[in-house]
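In the working numbering, the protein residues as written are 10 to 291.
Every residue, glycine too, gets a C-beta built ideally from N, C-alpha and C.
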């Protein structure tokens, strides 16, 4: 179990912000490291198929010299930070949205994400909700309404009351946006993304010219079971776009995004691929 208060030094991930939620309270960022992958299993097998003893050169060339191999890799997921800052909300008002985290709704019955209504005390002592226009206290806009409620008596919509609290738009959602002025109750890297498991297979055959010289023909099949792995990294070694999708999929950690915690809609899952090769050994 790896614990730290910062892992990224450069802009390599929107899922694990490189800057603290509050630079004056670095202790609040102490949590699971970005590198905290708890479990990893690797199994590698190589088998040299026994040669058939025969005097027939054709049969000997055809059936001898085979070798097979397999590698199985499995590991648990990578921790990520569920965020409000990536949604453009500066929850703690320090002028920096990076690192501002979402909050957990303790009364939720589901896992999804939700925006919040701002709750405001109106002059008559009642509590109103944030609105998308003058007097419309039932539209979820959060920051779009300035983190407060418009004064229904002002038809211009230029007067609003500051928020005294927030309420989830969807009361069944477990994770919600942390509105301006509120303190997030979620820790850094408190959610773990999906892990992966992959089985690779190879088969090769040696064509001997002499005892020490031979041509090796080999086929390598990656992800032979074509099992989808919706992990945060880019599993395609042939991609020139980088080794991670973490800088292009911020919606995975934003409670208001349609793809929130939906790994299968954001990540490719990988695919089965095969390479063929020849190697001359002399």
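For the alpha helix (DSSP H) containing residue 67, name the first residue and the last one. For residue 67, the enclosing alpha helix (DSSP H) stretches over residues 66-72.
In the DSSP output, which residue or residues are listed as bridge partners for residue 137? Per DSSP, the beta bridge partners of residue 137 are 129.
Within the same chain, show all residues whose beta-carbon is closer than 7 Å to that of residue 103, passing over the 5 residues directly before and after it, in chain order. These residues qualify, in order along the chain: 31.
Residues bridged to residue 120 [DSSP beta-bridge criterion]: Note: residue 120 sits in no beta bridge, so no partner.
Quick one: what does DSSP say residue 240 is sitting in, helix, strand or coil? The three-state reading of DSSP puts residue 240 in coil, since its state is none of H, G, I, E or B.
In whole angstroms, give me the CA-to-CA distance for residue 238 and residue 210. Straight-line Cα distance between these residues: approximately 17 Å.
So what's residue 272 in DSSP terms, helix, strand or just coil? Reduced to three states, the DSSP call for residue 272 is helix.
For residue 114, which residues in the same chain have their Cβ closer than 8 Å to its Cβ, ignoring the five residues on either side in sequence? Result list for residue 114: 123, 177, 180, 182, 183, 184 and 185, in chain order.
Work out the CA separation of residue 121 and residue 267 for me, nearest whole Å. The straight-line gap from Cα to Cα measures roughly 10 Å.
Got a sec? Which residues, its chain only, sit under 6 Å from residue 208 by beta carbon, not counting five neighbours each side? Within the same chain, Cβ atoms closer than 6 Å to the Cβ of residue 208 are found at 81, 233 and 234, the five residues on either side in sequence being excluded.
Taking the alpha carbon of residue 48 as the point to measure from, which residue in 213, 111, 162 and 201 has its own alpha carbon closest? Closest option to residue 48, Cα to Cα, is 201.
Should residue 97 and residue 127 be called a contact, given that it needs their Cβ atoms to be closer than 9 Å? Result no, Cβ atoms of residue 97 and residue 127 do not sit closer than 9 Å.
How many Å lie between residue 282 and residue 21 at the Cα? If you take the alpha carbons of residue 282 and residue 21, they lie about 27 Å apart.
Would you give the residue range spanned by the beta strand (DSSP E) that residue 217 belongs to? Counted as a single uninterrupted DSSP element, the beta strand (DSSP E) harbouring residue 217 occupies residues 205-217.
Collapsed DSSP secondary structure at residue 179 in the structure displayed: In the structure shown, residue 179 sits in coil (DSSP, three-state: anything other than H, G, I, E or B).
Beta-bridge partners of residue 286, as assigned by DSSP: Per DSSP, the beta bridge partners of residue 286 are 227.
Which same chain residues, not among the five before or five after residue 117, have their C-beta less than 6 Å away from its C-beta? 181, 182 and 183, listed in sequence order.
Out of 192, 77 and 196, point me to the one whose CA is closest to residue 229's CA. Nearest option by C-alpha distance: 77.
Under the three-state DSSP convention, the category residue 171 falls into: Correct three-state label for residue 171: strand.
Assign residue 276 to buried or exposed, taking buried as 16 or more other Cβ atoms, counted over all protein chains shown, within 10 Å of its Cβ. When all chains shown are included, residue 276 counts as buried.
Taking C-beta to C-beta, are residue 188 and residue 93 nearer than 9 Å? Yes; because the gap between Cβ atoms is below 9 Å, this pair is in contact.
What would DSSP say about residue 78, mapped onto helix, strand or coil? In this structure, residue 78 counts as strand in the three-state DSSP scheme.
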